[in-house]
Amino acid sequence: MKETLWEFLLKLPASFEAQLFYGMMIAGTLGMGMNWLVKWLRNELPCFVTYMFKSEAKRSVLSILTLAGTVLAAIATNVFVIDDRFVGWLNVLWTGATTGFAVDATMNKGSREAWTEEEREKRRA
Numbered sequence: 008m009k010e011t012l013w014e015f016l017l018k019l020p021a022s023f024e025a026q027l028f029y030g031m032m033i034a035g036t037l038g039m040g041m042n043w044l045v046k047w048l049r050n051e052l053p054c055f056v057t058y059m060f061k062s063e064a065k066r067s068v069l070s071i072l073t074l075a076g077t078v079l080a081a082i083a084t085n086v087f088v089i090d091d092r093f094v095g096w097l098n099v100l101w102t103g104a105t106t107g108f109a110v111d112a113t114m115n116k117g118s119r120e121a122w123t124e125e126e127r128e129k130r131r132a
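Position in the sequence shown counted from 1, then plus 7, gives you our numbering.
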């Protein structure tokens with residue numbers, strides 16, 4: 008007997024594919040945070056909340072949606088299953104983190120403020 012849509016949807020949150028999605032999204036979110044950290048260490052950005060939610064909120068939403076789409080595409084194409092064997096959670100988490108970093112670095116560039124010479128010297132110190 009074929010599974011109904013409702014049976015499928017009830018099982019979905021605990022499925023292997025959903026676990027892959029959760030793991031990659033958590034790791035991807037951490038990767039996005041690491042992108043902010045790199046920019047913050049270079050004195051390019053203020054606090055995390057300003058970066059993600061105040062100055063470029065639309066770009067942040069775009070980054071999150073792009074990450075989710077990329078994760079879904081990876082899961083749908085069975086990237087983490089080779090010869091009917093799961094490649095392991097480390098590969099899933101590492102792929103999620105690097106994808107999150109890359110997506111945020113690409114999509115959430117924002118606009119750079121024009122620095123005066125005084126501000127430039129201050130940031131170099």
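All C-beta atoms in this analysis are idealised placements derived from N, C-alpha and C, irrespective of residue type, glycine included.
Do you know offhand how far T84's Cα is from A25's?
-> As a working note, residue 84 is residue 77 in the sequence shown. As a working note, residue 25 is residue 18 in the sequence shown. Each residue's Cα considered, the two are about 14 Å apart.
Relative to the C-alpha of Y29, which residue among A112, W122, G103 and A121 is closest?
-> Reading the sequence shown from its first residue, position 22 is the one you call residue 29. Among A112, W122, G103 and A121, the Cα nearest to that of Y29 is on G103.
Per DSSP, V88 forms a beta bridge with which residues?
-> As a working mapping, residue 88 is identified with position 81 in the sequence shown. According to DSSP, which records beta bridges pairwise, V88 is partnered with F93.
Apply the 10 Å Cβ neighbour rule to E63 and answer buried if 16 or more other Cβ atoms are within range, or exposed otherwise.
-> Taking the first residue of the sequence shown as 1, we reach residue 63 at position 56. By the 10 Å Cβ count, E63 comes out buried.
Tell me which same chain residues have a C-beta within less than 7 Å of the C-beta of Y58, skipping the five on either side of it?
-> Locating residue 58 in the sequence shown gives position 51, where the first residue counts as 1. W43 and L52, listed in sequence order.
Rounded C-alpha distance that separates T116 from M39 | What you label residue 116 is simply residue 109 of the sequence shown in a count that begins at 1. What you label residue 39 is simply residue 32 of the sequence shown in a count that begins at 1. Looking at the sequence shown, residue 116 is not Thr but Lys. Taking the straight line joining both Cα atoms gives about 12 Å.
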